[in-house]
Amino acid sequence: MAQGKRSFLGNEGYADVEDSYYVYDDGVAYHKQVTAGDLVVVRTKVEALGVATIEQIEVNPDATKLRRRCPHCKKTRFGRNGDGTTAYRCGSKDCGRTFDEPLERDEPVIGFEAHYEGTWRAIRGAITAAQLEGITTSEARQNAIRPLDTEGVKRLLAEAHVPSPPTPAKDKVRKPIAGGIAKSLVTVRKGQKEFRKSLLERYGLVCMVTGPNPEQALHAAHLRAFAKHQRHVPEEGALLRADIHQLFDLGMIAVDPATLTVVVDPRLRAYPSYRDLGGQALQVPADKVPCMEALRDHHQHATSRWATT
Numbered sequence: 001m002a003q004g005k006r007s008f009l010g011n012e013g014y015a016d017v018e019d020s021y022y023v024y025d026d027g028v029a030y031h032k033q034v035t036a037g038d039l040v041v042v043r044t045k046v047e048a049l050g051v052a053t054i055e056q057i058e059v060n061p062d063a064t065k066l067r068r069r070c071p072h073c074k075k076t077r078f079g080r081n082g083d084g085t086t087a088y089r090c091g092s093k094d095c096g097r098t099f100d101e102p103l104e105r106d107e108p109v110i111g112f113e114a115h116y117e118g119t120w121r122a123i124r125g126a127i128t129a130a131q132l133e134g135i136t137t138s139e140a141r142q143n144a145i146r147p148l149d150t151e152g153v154k155r156l157l158a159e160a161h162v163p164s165p166p167t168p169a170k171d172k173v174r175k176p177i178a179g180g181i182a183k184s185l186v187t188v189r190k191g192q193k194e195f196r197k198s199l200l201e202r203y204g205l206v207c208m209v210t211g212p213n214p215e216q217a218l219h220a221a222h223l224r225a226f227a228k229h230q231r232h233v234p235e236e237g238a239l240l241r242a243d244i245h246q247l248f249d250l251g252m253i254a255v256d257p258a259t260l261t262v263v264v265d266p267r268l269r270a271y272p273s274y275r276d277l278g279g280q281a282l283q284v285p286a287d288k289v290p291c292m293e294a295l296r297d298h299h300q301h302a303t304s305r306w307a308t309t
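For what it's worth, UniProt numbering labels the leading residue of the sequence shown as 1, then goes sequentially.
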């Protein structure tokens, strides 16, 4: 399973959390071969980040994914244009034309999340990507998921003096569950100038969670999934500092609608700057608090996924 900088621009990638879960969909090669109990290695183009045993796979049959397509041939395989005349060049052999703006639309997919947080072993630098190439059974390097020889993985781990990840308890290994909830709770569109302008006028240069920030650090966030509702409502939006926005979208930071205070995922307790946000009041005037229903929905979806210890 690969992470890192992407050359493919036909979509926005996936909201993975390196040491917890891997997100993919039915458009990814080998997605059908991934099952609970599998030994997996998460890597970049340079090195292995960690090894784990999949505990469970959640399935969302109603997921959507933002696709970017060439406006001429409607295919997704395009890249940046190196000659500087236009922004992009189509990579299709039947097209090859250049353009400045791709077509963007949300398309239905079946979403998957492979969870392995309870078995994760970090091995950054202990095994290289080149070593993994020697034990893969697929030469398609562009694929995000590629099959590996299990015994080969175990051999590399032994040579690096890394214990194999534990086998999940039987009650932790479950078959795919239809209707899972995607970790990325909010889809945020780029280029929402008017929406962002309305939020800046409403709140000033203030992050809802951390308070005053430079304009360059503030993102315009939708509290409801844009892909589902397809609307820009200032009352259902908030300004969030870039890192807070990312954690909010992942459901690791939320707002308790009963107290209007910040709550944080237990996984953030090891990071004082985020841990200390817990219990703090929202940094917006009482008469400008965002839509309570939207905050309540986000809080419910986020906290229902958190560990209890």
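All C-beta atoms, glycine included, are put in the ideal place defined by N, C-alpha and C.
key: Reduced DSSP secondary structure (H/G/I, E/B, other) of residue 309   = The sequence position of residue 309 within the sequence shown is 309, counting from 1. Unreliable positioning characterises residue 309 in this predicted model, as indicated by a pLDDT of 43, which lies under 50. A coordinate reading is not provided.
query = Is the segment 147-165 touching the segment 94-106 in the sense that three or more CB pairs, one from each, lie closer than 8 Å?
reply = The segment 94-106 vs the segment 147-165: no contact.
ask   = With distances taken from CA atoms, which of 252, 154, 80 and 92 is nearest residue 271?
value = Position 271 of the sequence shown, counted from the first residue, corresponds to residue 271. The residue with the shortest Cα to Cα distance from residue 271 is 252.
ask   = Which residues mark the beginning and the end of the alpha helix (DSSP H) in which residue 152 is found?
value = Position 152 of the sequence shown, counting from 1, holds the residue named residue 152. Run containing residue 152: 150-159, per the alpha helix (DSSP H) assignment.
Own chain residues within Cβ distance below 6 Å of residue 259, not counting five before or after = As a working mapping, residue 259 is identified with position 259 in the sequence shown. Counting only residues of its own chain and dropping the five nearest sequence neighbours on each side, residue 259 has no CB closer than 6 Å to any other CB.
query = Is residue 224 buried or exposed, if buried means 16 or more other CB atoms sit within 10 Å of its CB?
reply = The residue labelled residue 224 in the question sits at position 224 within the sequence shown. The residue is buried, with at least 16 neighbouring Cβ atoms inside 10 Å.
request  = Go ahead and pull the three-state DSSP assignment for residue 200.
outcome  = Looking up residue 200 in the sequence shown gives position 200. DSSP places residue 200 in the helix class (H, G or I) of the three-state scheme.
task = Measure the C-alpha to C-alpha separation of residue 213 and residue 86 and round it to an integer number of angstroms.
result = Here residue 213 refers to the residue found at position 213 when the sequence shown is read from its first residue. Here residue 86 refers to the residue found at position 86 when the sequence shown is read from its first residue. Straight-line spacing of the CA atoms in residue 213 and residue 86 works out to 34 Å.
inquiry  = Please report the distance separating the alpha-carbon of residue 295 from that of residue 254.
reply    = In the sequence shown, the residue the question calls residue 295 occupies position 295. In the sequence shown, the residue the question calls residue 254 occupies position 254. Using only the alpha carbons, I get a separation of about 8 Å.
Sub-9 Å separation of residue 102 and residue 71 beta-carbons = As a working mapping, residue 102 is identified with position 102 in the sequence shown. As a working mapping, residue 71 is identified with position 71 in the sequence shown. In contact: residue 102 and residue 71 (Cβ atoms closer than 9 Å).
request  = Under the assumption that residue 122 contacts residue 49 (Cβ atoms under 8 Å), give the Cβ distance between them as a whole number of angstroms.
outcome  = The sequence position of residue 122 within the sequence shown is 122, counting from 1. The sequence position of residue 49 within the sequence shown is 49, counting from 1. Contact check for residue 122 and residue 49: beta-carbon distance about 7 Å, within the 8 Å limit, so the pair qualifies.
key: For residue 23 and residue 56, the rounded distance between their alpha carbons   = Here residue 56 is taken as the residue at index 56 of the sequence shown, counted from 1. Here residue 23 is taken as the residue at index 23 of the sequence shown, counted from 1. Going from the Cα of residue 56 to the Cα of residue 23 covers about 12 Å.
Extent of the continuous alpha helix (DSSP H) to which residue 53 belongs = Here residue 53 refers to the residue found at position 53 of the sequence shown. Careful: residue 53 lies outside any alpha helix (DSSP H), inside the beta strand (DSSP E) at 48-53.
ask   = Which parts of the segment 244-273 are runs of the beta strand (DSSP E), unbroken and 3 residues or longer, counting only runs that do not cross its ends?
value = Runs of the beta strand (DSSP E) inside the segment 244-273: 253-256 and 261-264.
query = Helix, strand or coil: how does DSSP classify residue 56 here?
reply = For the purposes of this step, residue 56 is identified with residue 56 of the sequence shown, where counting begins at 1. In the structure shown, residue 56 sits in a strand (DSSP, three-state: E or B).
key: Close Cβ partners of residue 118 (< 6 Å) along its chain, the five nearest in sequence each way excluded   = The residue labelled residue 118 in the question sits at position 118 within the sequence shown. Hits under 6 Å: 55.
message = Can you tell me whether residue 241 is helix, strand or coil according to DSSP?
response = If you number the sequence shown from 1, residue 241 lands on position 241. Look at residue 241 here: in three-state DSSP terms it is strand.
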